[in-house]
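Heads up, the thing below is written out as structure tokens.
Chains as they are written, first to last, in the working numbering: chain C, 816 to 1055; chain U, 0 to 79; chain S, 27 to 143; chain V, -17 to 476.
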């Protein structure tokens, strides 16, 4: 009964939705407002005035850098939220009623071997993505996610203790805030050097400097993102 | 040709979404969901959005699935 | 309308996926399943926004020696990068809450939880 | 310091402060509270300077990265952004109030993250009201929503976690609606800057524009807890820690309403659609919210549950004022956003202080508390009088303006609904005050409890005093938002 009602409701919702998206400017046409209004300037002048040949990197780190500043804050919020929900416990908390499936299943040798074989390559790939986000697809956050995935599979293979030993707790606290702090430092230096928060060097002949700043922010986001995602994974895996 | 490829991918995407809903085994649902993410990632790569595709592959199919797996291992595997 | 939808096929597919996800969120009883549904909705909206920036025969917006126009619109891609990060953040928090709820109540089925209240 | 740098600072300083809180707070979290308080004091100072500036020269902007709009992100401080001051005030007082609360109720590992999330929540709200870019709005909305969900669950009680999950599911769906609507507006205009969208939306296709405003409305109405979408609110607000309830009820709910005002700014300016149908729906939903919220509140035993339902009726007032789209109505609604924040914070913090001392939350158990905690109950009573809307308190003028707005818009029926709702509200607040002062205690030990500790009493008394002061000086905020409302409604008159 509830299902039938929901389906009916969804059909009622879907028809106006479909009607409205059908009226949108034609998909794929170069004459749509998104394609004629702001993006032409980004596509034409991006490499000269923003410092990266990959225009997406220009947009996320330079033209709309403040969004990314907010984005790294969102992921940091998520870490703080996970810690606030999972760490510690109230007095009198009863243990779980159901038995959580134990994680004692040994990892198969094949998987273990393949992961050990691939992890250096994955690490190199992540570093490449981090450093060359301005000329090829990728950038800080992508590389952070790849690094985090690497940490996660490593944790599965060699166990939590050894994986955590790679990044001691003290350093980890600093790494977790690396991304927002990088933004803060770059933003404030932009404020003092060029008059606006997150402003980059813009004059001719200084473009290598803008590119360098993009790479610095990329490293900050990559390291910070990886630390945050890995910490979330570890915190969720804790037997709190 | 390209159009046919597009439509096939979109249909696969919808099929995966429906399969996720139908699967009672949560582990299976998560695996299908990460397949769904990978197909999405293919579509985006095909549409000229490699940055988004890479992010979706690493985050949507990778990290998100890992988080789901942790949650399942800490709770239950079967939907009632 | 059908003809227009055929042209705007990507948008239509996103709407369908959005509705499938919404169905999952509304009807499913298992909290993890609900959240997978929410993730489907999220990807549907992302697909919609990325599709806004697509141009017929467009290449990735990466300038270089051998790059040739037309390029796809970089702005929606930049927005969606942020969107994906937001989605994974929400997922992490939701799953932590689910783990906690299970530790307290021994179940993650919505109707059983409602009875316990 | 140029105004634009201050405008950036009002977001960046609490943001960096929040990010550093876990590091500064240390393992015990003892330093986290004072640190958060210091950060909020600095932010409040900046916010005050900004408000003085906007009162002198009118709205002004900051361009981030030096890219002028629409190419870069614009921060815009106008009269509606002056709600930053309320955010800073309530944030500072709630953090001060939290000192004792966190020490007693929270597991020590969580304390530093509690303050981190509080600061992030406040940052998100400040960014939300200050930004002039619609996608940036979404990003800040996510910061404040995510931290809000976690703050509900931070106490670690079973019910709290379930309430937080319910809140999270509804909140996440509503965020997606907003993101979808942003995508539609981008498809129609190719722009993300609000002012630019408003200009370019004028000639757009009608159907997608209508879908976009519908999606925005539904999305923001979930955040604002308007009647059929309010089901997450009572649990979340009642179970959350009291300082968090004050922030959620006073401020977070209002971001949905301020988001609505931003969308109206875009749509009224573009004149692309006739919004009178939507406005009628909103006025009706507002009226239903007022009555339903008040009605359910009467039957609540739990004091915080009652306050949570009362928030639903007050959101109804504000929505009604916005939907009337008349000068008086919108001014009344805008000022009620400020005033209700003050009043509801007084009530929640006062209730929190009582619960902290006695451990009871039900009205029956709290009989006679007025004799042992006279100052706190006096503050709560002032809050109760204000929220009913009796002169000379803060609640009176805005409700009066909204009623005038209904008459001005030619719909005096809604003025009647408003008065009717006020009567309901009067009934349950009178019941509460009566319980506190005039009934014999069920538990004799209630007469023995001490007055609330100073760090709790001080915020409550300050807020109660402000309720009275804002009642007497009520014309100042009214005349402050008037130019903004005139600008907002100008395209309708023409």
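Backbone N, C-alpha and C fix where the C-beta goes; we use that ideal spot for every residue, glycine too.
Self-check item: Spatial neighbours of residue 108 of chain V in its chain, beta-carbon cut-off 7 Å, leaving aside the 5 residues before and after
Solution: So the list reads -8, -7, -4, 66, 69, once near-sequence residues are dropped.
Exercise. Using a threshold of 9 Å, state whether the C-beta atoms of residue 245 of chain V and residue 467 of chain V are closer than that.
Key: In this structure, residue 467 of chain V does not lie closer than 9 Å to residue 245 of chain V by Cβ.
Exercise. Would you list the residues sitting across from residue 81 of chain S in a DSSP beta bridge?
Key: BP columns for residue 81 of chain S point to C/843.
Quiz prompt | Per-residue burial, residue 109 of chain S [other beta carbons within 10 Å of its own, 16 or more giving buried] | solution = Buried.
Quiz item: Would residue 912 of chain C be called buried (16 or more neighbouring beta carbons within 10 Å of its own) or exposed?
Solution: With a pLDDT of 43 at residue 912 of chain C, under the threshold of 50, the modelled position of that residue is not reliable, and the figure given next carries that caveat. Exposed.
Quiz prompt | Runs of alpha helix (DSSP H) wholly within the segment 80 to 149 of chain V (minimum 4 residues, chain order) | solution = Fully enclosed alpha helix (DSSP H) runs of no fewer than 4 residues occupy 90 to 112, 116 to 135 of the segment 80 to 149 of chain V, in order along the chain.
Quiz prompt | Cut-off 8 Å between Cβ atoms - residues of its own chain near residue 926 of chain C, not counting five sequence neighbours on either side | solution = Cβ contact annotation for residue 926 of chain C (same chain, cutoff 8 Å, sequence separation greater than five): 972, in chain order.
Exercise. Taking only the alpha-carbon atoms, compute the straight-line gap between residue 137 of chain S and residue 88 of chain S and give it to the nearest angstrom.
Key: Between residue 137 of chain S and residue 88 of chain S, the C-alpha separation is close to 51 Å.
Quiz prompt | For residue 137 of chain S, the three-state DSSP class (helix, strand or coil) | solution = Three-state DSSP puts residue 137 of chain S in a helix.
Quiz prompt | Within chain C, the residues that residue 122 of chain V reaches when beta carbons sit closer than 8 Å | solution = Result: 885.
Exercise. Enumerate in chain order the residues of its own chain whose CB-to-CB distance from residue 110 of chain V is below 8 Å, with the five nearest sequence positions on each side excluded.
Key: The beta carbon of residue 110 of chain V lies closer than 8 Å to those of 119, 122, 123, 126, 237, 240, 241 in the same chain, with the five residues before and after it left out.
Practice problem: Return the first residue and the last residue of the alpha helix (DSSP H) that residue 37 of chain S is part of. | Solution: Per DSSP, residue 37 of chain S belongs to the alpha helix (DSSP H) from 35 to 53.
Quiz prompt | Whole-Å CB distance - residue 272 of chain V paired with residue 399 of chain V, under 8 Å assumed | solution = Their Cβ separation, rounded to whole angstroms, is 6 Å, which keeps residue 272 of chain V and residue 399 of chain V in contact under 8 Å.
Quiz item: Based on the DSSP output, what are the partners of residue 857 of chain C in its beta bridges?
Solution: Paired residues: none, contrary to the question.
Practice problem: Round the Cβ separation of residue 294 of chain V and residue 376 of chain V to the nearest angstrom and send it over; I've been treating them as touching at under 8 Å. | Solution: Residue 294 of chain V to residue 376 of chain V, Cβ: 19 Å. No contact.
Exercise. Report the rounded CA-to-CA distance for residue 155 of chain V versus residue 211 of chain V, giving the unit in angstroms.
Key: Approximately 12 Å between the Cα atoms of the pair.
Quiz item: Considering only C-alpha positions, which residue in the set V/421, V/44, V/99 is nearest to residue -10 of chain V?
Solution: Residue -10 of chain V has its Cα closest to that of V/44, out of V/421, V/44, V/99.
Exercise. Mind checking who residue 869 of chain C pairs with in its DSSP beta bridge?
Key: Under DSSP, residue 869 of chain C forms a beta bridge with S/88.
Quiz prompt | Span separating the alpha-carbon of residue 13 of chain V from that of residue 334 of chain V | solution = Distance between the alpha carbons of residue 13 of chain V and residue 334 of chain V is about 23 Å.
Quiz prompt | alpha helix (DSSP H) runs contained entirely in the segment 299 to 344 of chain V, provided each spans 4 or more residues | solution = As far as the segment 299 to 344 of chain V is concerned, its whole alpha helix (DSSP H) runs of at least 4 residues are 309 to 340.
Quiz item: Distance, Cα to Cα, residue 336 of chain V vs residue 396 of chain V?
Solution: Pairing residue 336 of chain V with residue 396 of chain V, the inter-Cα distance amounts to about 36 Å.
Quiz item: With 16 as the cutoff for other CB atoms within 10 Å, does residue 976 of chain C come out buried or exposed?
Solution: When all chains shown are included, residue 976 of chain C counts as exposed.
Quiz item: Around the C-beta of residue 330 of chain V, are 16 or more other C-beta atoms found within 10 angstroms, so that it is buried, or is it exposed?
Solution: By the neighbour-count rule (16 or more Cβ atoms within 10 Å), residue 330 of chain V is buried.
Quiz prompt | Alpha-carbon spacing of residue 837 of chain C relative to residue 394 of chain V, whole angstroms | solution = Computed Cα separation, rounded: 41 Å.
Exercise. Work out the CA separation of residue 941 of chain C and residue 828 of chain C for me, nearest whole Å.
Key: Residue 828 of chain C and residue 941 of chain C: Cα-Cα distance of roughly 42 Å.
Practice problem: Would you identify the three-state DSSP class for residue 31 of chain S, choosing helix, strand or coil? | Solution: Look at residue 31 of chain S here: in three-state DSSP terms it is helix.
Quiz item: What separation, rounded to the nearest whole angstrom, lies between the Cα atoms of residue 984 of chain C and residue 5 of chain V?
Solution: When only Cα atoms are considered, residue 984 of chain C and residue 5 of chain V end up about 12 Å apart.
Quiz item: Can you list the alpha helix (DSSP H) stretches of 4 or more residues lying completely in the segment 425 to 475 of chain V, in chain order?
Solution: 436 to 454, 457 to 475, all fully within the segment 425 to 475 of chain V.
Practice problem: Identify, in the order they occur along the chain, each residue of the same chain with its Cβ nearer than 6 Å to the Cβ of residue 148 of chain V, setting aside the five sequence neighbours on each side. | Solution: Closer than 6 Å at Cβ, skipping near neighbours: 214.
Quiz item: So is residue 66 of chain S in contact with chain C if we call contact Cβ pairs under 9 Å?
Solution: With its beta carbon at least 9 Å from every one in chain C, residue 66 of chain S lies outside the interface.
Practice problem: Report the neighbours of residue 853 of chain C on chain V: residues whose CB is nearer than 7 Å to its CB, in chain order. | Solution: Under the 7 Å cutoff, chain V gives 52, 53, 172, 173.
Practice problem: Inspect the beta-carbon positions of residue 114 of chain V and residue 57 of chain V and report whether they are closer than 9 Å. | Solution: Against a cut-off of 9 Å, the Cβ pair of residue 57 of chain V and residue 114 of chain V comes out as a contact.
Quiz item: Can we say the segment 62 to 70 of chain U touches the segment 878 to 890 of chain C, given the rule of at least three CB pairs closer than 8 Å?
Solution: Look at the beta carbons and you see the segment 62 to 70 of chain U not touching the segment 878 to 890 of chain C: under three pairs across the two are nearer than 8 Å.
Quiz prompt | chain S within 9 Å of residue 63 of chain U, Cβ atoms only | solution = Taking Cβ atoms only, chain S reaches closer than 9 Å to residue 63 of chain U, which makes this a yes.
Exercise. Flag residue 73 of chain U as yes if its beta-carbon sits less than 9 Å from any beta-carbon of chain C, otherwise no.
Key: Answer yes: the Cβ-Cβ gap between residue 73 of chain U and chain C drops below 9 Å somewhere.
Practice problem: Inspect the beta-carbon positions of residue 53 of chain S and residue 893 of chain C and report whether they are closer than 9 Å. | Solution: Not a contact, by the Cβ cut-off of 9 Å.
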